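*Asks:* Numbering (UniProt numbering), first residue to last: 1 to 373.
Just so it is clear, CB atoms sit at the ideal spot from N, CA and C, and this is done for glycine as well.
Predicted, not measured: the structure shown is a model, and the values here were computed from it.
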Amino acid sequence: MSNILDYETVALVDDDDAIEIIDQTLLPGKTEMIRLHTAQEIWDAIYLLQVRGAPAIGVTAGFGIYLLMKHSKAENYNEFIGELKEKSDYLNSSRPTAVNLSWALKRMQNHIFEFCNIKALEDGSVCLDSAKEYDLKGMICEMRDESERIKAEDIDVCRRIGEYGLTLIKDGYGLLTHCNAGQLATCKYGTATAPMYLAHEKGMNIKVYCDETRPLLQGARLTAYELHSAGIDTTLLCDNMSASLMKSGAINAIFVGCDRVAANGDAANKIGTSVVATVAKRYNIPFYVCAPTSTIDINTPTGEEINIEQRKPEEVTEMWYKERMAPEGIKVYNPAFDVTDNELIAGIVTEYGVLGAPYKEAIADLFNKIQKK
Ligand code: MRU
Numbered sequence: 001m002s003n004i005l006d007y008e009t010v011a012l013v014d015d016d017d018a019i020e021i022i023d024q025t026l027l028p029g030k031t032e033m034i035r036l037h038t039a040q041e042i043w044d045a046i047y048l049l050q051v052r053g054a055p056a057i058g059v060t061a062g063f064g065i066y067l068l069m070k071h072s073k074a075e076n077y078n079e080f081i082g083e084l085k086e087k088s089d090y091l092n093s094s095r096p097t098a099v100n101l102s103w104a105l106k107r108m109q110n111h112i113f114e115f116c117n118i119k120a121l122e123d124g125s126v127c128l129d130s131a132k133e134y135d136l137k138g139m140i141c142e143m144r145d146e147s148e149r150i151k152a153e154d155i156d157v158c159r160r161i162g163e164y165g166l167t168l169i170k171d172g173y174g175l176l177t178h179c180n181a182g183q184l185a186t187c188k189y190g191t192a193t194a195p196m197y198l199a200h201e202k203g204m205n206i207k208v209y210c211d212e213t214r215p216l217l218q219g220a221r222l223t224a225y226e227l228h229s230a231g232i233d234t235t236l237l238c239d240n241m242s243a244s245l246m247k248s249g250a251i252n253a254i255f256v257g258c259d260r261v262a263a264n265g266d267a268a269n270k271i272g273t274s275v276v277a278t279v280a281k282r283y284n285i286p287f288y289v290c291a292p293t294s295t296i297d298i299n300t301p302t303g304e305e306i307n308i309e310q311r312k313p314e315e316v317t318e319m320w321y322k323e324r325m326a327p328e329g330i331k332v333y334n335p336a337f338d339v340t341d342n343e344l345i346a347g348i349v350t351e352y353g354v355l356g357a358p359y360k361e362a363i364a365d366l367f368n369k370i371q372k373k
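(1) Just the C-alpha distance for T300 and E153, rounded to the nearest angstrom, thanks.
(2) Does DSSP classify Q50 as helix, strand or coil?
(3) Can you tell me whether E146 is buried or exposed, with buried defined as 16 or more other CB within 10 angstroms of its CB?
(4) What residue does the beta strand (DSSP E) around D156 start on, and which one ends it?
(5) Rounded to whole angstroms, what's the CA-CA distance from A230 to T193? Just pull it up for me.
(6) Relative to the C-alpha of K70, which residue among L84, N334, N78 and Q183 is closest?
(7) Suppose you measure from the CA of D259 to the CA of G347; what does that come to, to the nearest Å?
(8) Look at the alpha carbon of D171 and the alpha carbon of N307, and state the distance between them as a whole number of angstroms.
(9) Which residues are close to the ligand MRU, meaning CB closer than 5 angstroms to any heavy atom, in chain order?
(10) When you compare the CB positions of A280 and T97, do they come within less than 7 angstroms of one another, or not?
(11) Provide the residue span of the alpha helix (DSSP H) that contains R282, from first to last.
(12) Beta-carbon separation of N264 and T302 under 7 angstroms?
(13) Taking 7 angstroms as the limit between beta carbons, can you name the residues of its chain near E351, skipping five residues before and five after?
(14) Within 8 angstroms, do at least three Cβ pairs link the region 312 to 328 to the region 166 to 183?
(15) Measure the alpha-carbon distance for G353 versus I330 and round it to whole angstroms.
(16) Of all the options C210, L217, Y225 and G82, which has the alpha carbon lying nearest to the alpha carbon of I251?
(17) Tell me the DSSP secondary structure of Y288 in three-state form.
(18) Are I254 and L355 touching if we call contact CB-CB under 7 angstroms?
(19) Out of R144, I4, N205 and G53, state which residue places its alpha-carbon closest to the alpha-carbon of G29.
(20) Please state if the CB of T295 and the CB of A54 are separated by a distance shorter than 7 angstroms.
(21) Would you mind stating whether residue 376 and C187 have Cβ atoms separated by less than 7 angstroms?
(22) Take D297 as the anchor and find which of V261, E304 and E328 has the nearest alpha-carbon.
(23) For the beta strand (DSSP E) that D211 lies in, which residues bound it at each end?
(24) Where L366 and E148 are concerned, what is the direct C-alpha to C-alpha distance, given to the nearest angstrom?
(25) Go through its chain and collect everything with a Cβ distance to T235's Cβ below 6 angstroms, but skip five positions before and after it.
(26) List, from N- to C-terminal side, the alpha helix (DSSP H) runs of 4 residues or more that fit wholly inside the region 87 to 128.
(27) As a quick exercise: from H200, E133 and L217, pick the residue whose alpha carbon is nearest that of Y77.
(28) Checking the sheet assignment: what are the DSSP bridge partners for R214?
(29) I'd like to check one pair, S102 with N110: are the Cβ atoms closer than 7 angstroms?
(30) Less than 8 angstroms between the CB atoms is what I'm expecting for F113 and M139, so what's the real figure, rounded?
(31) Rounded to whole angstroms, what's the CA-CA distance from Y333 to K369? Just pull it up for me.
(32) On the three-state DSSP scale, how would you describe Q24?
(33) Within a Cβ cutoff of 8 angstroms, which residues of the same chain sit near I118, ignoring the five residues on either side of it in sequence?
(34) Going by alpha carbons, who is nearest to residue 380 out of I21, T31 and F337?
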């Protein structure tokens, strides 16, 4: 295998004894697969960005909690649920912004509750009155199937986002993206890149411009790499060049991913995204956020309440060079994400269609419809 797109971002391997991921910190220089077995290894891989991107983090968490519970020695529901919650909380503490992490862990827990007929109560406790007979093996089997379903759905959801996103692209378009919301951030297609892959598949002539995305260069190392590997006309630029590119008329539309969309449509994504959206508004370029519904958090009212991860200063002062490139002792500002205000967003592309403003109503309507299904 030589094309990066032929590798799986996340997979269960070794007879379900390990999660295999591509170590994304080494790309594009080295394609190295690593295997995660323990809670600490899974936590570290997410924190260190060896696996990253909201949907891929969610899939890893689903597989992770299954692997960890597979070794459970719990002899009754109280022990099992206690362990499930403790291990989920630990994995969930690895990164705070991408809601897919807690979404996947919650989904795994709720699936077990449903399978066992356990009632979750408002205060966080459970009612076991009508629960099925305790069956550890059966529950583990269910966890395996549910974690694989999360992965399979991610592929399907990204494809559907691609199809809706494609309706916003015309032949000859120049497209800009920031960070990596590509195949490496999901299990296939990516979110922001899905319309690009589909346009390319259809033989449309598009040009994609990738912001390098400081400080960790996901745009240069990952997005430029995967789009170029797919044969898409790809151009890399430094983050501070996108305004001049937009002013030049080369960009017809912008597609980015996101880590959490609040109930009012404010969208957290990689730091620098809101600068791109602000400049796009100045030049009347439509700015689209691609968001699987697993990334929309209706319990977070606005972007103000989104917990933005702060990362260590060394990512700014020395990462990738192994040598310091800033003065010793300098203070550093290093938030991993920022929030784009909903009024800068021309559309939120979900697997159910493209939502338009007012987003609070559009999101509430969509979730009502999904819940009724
Ligand atoms: O810090 P990262 O690399 O995990 O940040 C990733 C992003 O900001 C992506 O754009 C987002 O998670 C969407 S991935 C489909």
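*Replies:* This is what the structure holds:
(1) Residue 300 sits at position 300 when you count from the first residue of the sequence shown. Residue 153 sits at position 153 when you count from the first residue of the sequence shown. Rounded to whole angstroms, T300 to E153 spans 24 angstroms at the Cα level.
(2) Residue 50 sits at position 50 when you count from the first residue of the sequence shown. DSSP places Q50 in coil when its eight states are reduced to three.
(3) Here residue 146 corresponds to residue number 146 of the sequence shown, with the count starting at 1. Of the residues assessed, E146 falls on the buried side of the cut-off, its CB having 16 or more other CB atoms within 10 angstroms.
(4) As a position in the sequence shown, residue 156 is number 156, starting the count at 1. Per DSSP, D156 belongs to no beta strand (DSSP E); it is in the alpha helix (DSSP H), L136 to L166.
(5) Locating residue 230 in the sequence shown gives position 230, counting from the first residue. Locating residue 193 in the sequence shown gives position 193, counting from the first residue. Rounded to whole angstroms, A230 to T193 spans 11 angstroms at the Cα level.
(6) Taking the first residue of the sequence shown as 1, we reach residue 70 at position 70. The residue from L84, N334, N78 and Q183 with its alpha-carbon nearest to that of K70 is L84.
(7) In the sequence shown, the residue the question calls residue 259 occupies position 259. In the sequence shown, the residue the question calls residue 347 occupies position 347. D259 and G347: Cα-Cα distance of roughly 16 angstroms.
(8) Taking the sequence shown and counting its residues from 1, one reaches residue 171 at position 171. Taking the sequence shown and counting its residues from 1, one reaches residue 307 at position 307. Answer to the nearest angstrom: the Cα atoms are 39 angstroms apart.
(9) Answer in sequence order: R52, G53, A54, C179, A181, A185, T191, Q218, G257, D259, N269 and K270.
(10) Stepping through the sequence shown from its first residue, residue 280 is reached at position 280. Stepping through the sequence shown from its first residue, residue 97 is reached at position 97. No, the pair does not count as a contact, with Cβ atoms beyond the cut-off.
(11) Numbered from 1 along the sequence shown, position 282 holds the residue referred to as residue 282. Here the alpha helix (DSSP H) through R282 covers T273 to R282.
(12) Counted from its first residue, the sequence shown places residue 264 at position 264. Counted from its first residue, the sequence shown places residue 302 at position 302. Yes, the Cβ-Cβ distance between N264 and T302 is below 7 angstroms.
(13) Residue mapping note: residue 351 aligns to position 351 of the sequence shown, counting from 1. Same-chain partners within the cutoff: V157, R160, I161, P292 and T293.
(14) Output reads no: the region 312 to 328 does not touch the region 166 to 183.
(15) For this step, residue 353 is matched to residue 353 along the sequence shown. For this step, residue 330 is matched to residue 330 along the sequence shown. Looking at the two C-alpha atoms, the distance is approximately 46 angstroms.
(16) Your numbering for residue 251 matches position 251 in the sequence shown. Out of C210, L217, Y225 and G82, C210 has the C-alpha closest to the C-alpha of I251.
(17) Counting from one through the sequence shown, the residue named residue 288 turns up at place 288. In the structure shown, Y288 sits in a strand (DSSP, three-state: E or B).
(18) Reading the sequence shown from its first residue, position 254 is the one you call residue 254. Reading the sequence shown from its first residue, position 355 is the one you call residue 355. Contact: no.
(19) Taking the sequence shown and counting its residues from 1, one reaches residue 29 at position 29. Taking each of R144, I4, N205 and G53 in turn and checking the Cα distance to G29, the smallest one comes out for I4.
(20) Residue numbering aside, residue 54 sits at position 54 when the sequence shown is read from its first letter. Residue numbering aside, residue 295 sits at position 295 when the sequence shown is read from its first letter. Against a cut-off of 7 angstroms, the Cβ pair of T295 and A54 comes out as a contact.
(21) No statement about residue 376 is possible, as the shown extent of the chain runs from 1 to 373 and does not include it.
(22) Here residue 297 refers to the residue found at position 297 when the sequence shown is read from its first residue. Relative to D297, the option among V261, E304 and E328 whose CA is nearest is V261.
(23) Taking the first residue of the sequence shown as position 1, residue 211 is located at position 211. Run containing D211: K207 to D211, per the beta strand (DSSP E) assignment.
(24) Here residue 366 refers to the residue found at position 366 of the sequence shown. Here residue 148 refers to the residue found at position 148 of the sequence shown. C-alpha separation (whole angstroms): 25 angstroms.
(25) Within the sequence shown, numbered from 1, the residue matching residue 235 stands at position 235. The answer, listed in chain order, is Y209.
(26) Segments of the alpha helix (DSSP H) lying fully in the region 87 to 128: 99 to 116.
(27) As a working mapping, residue 77 is identified with position 77 in the sequence shown. It is E133.
(28) What you label residue 214 is simply residue 214 of the sequence shown in a count that begins at 1. Looking at the DSSP assignment, R214 forms no beta bridge with any residue, so it has no partner.
(29) On the sequence shown, position 110 is the one that residue 110 refers to. On the sequence shown, position 102 is the one that residue 102 refers to. No.
(30) Position 113 of the sequence shown holds residue 113. Position 139 of the sequence shown holds residue 139. Rounded to whole angstroms, the Cβ separation of F113 and M139 is 10 angstroms, and the two are not in contact under 8 angstroms.
(31) Within the sequence shown, residue 333 is the residue found at index 333, counting from 1. Within the sequence shown, residue 369 is the residue found at index 369, counting from 1. Straight-line Cα distance between these residues: approximately 41 angstroms.
(32) If you number the sequence shown from 1, residue 24 lands on position 24. Residue state, collapsed to three classes: coil.
(33) What you label residue 118 is simply residue 118 of the sequence shown in a count that begins at 1. Answer for I118: Y77, I81, I112, V126, C127, L128 and A131, listed in chain order.
(34) An answer regarding residue 380 cannot be provided, because it is not within the stretch 1 to 373 covered by the chain.
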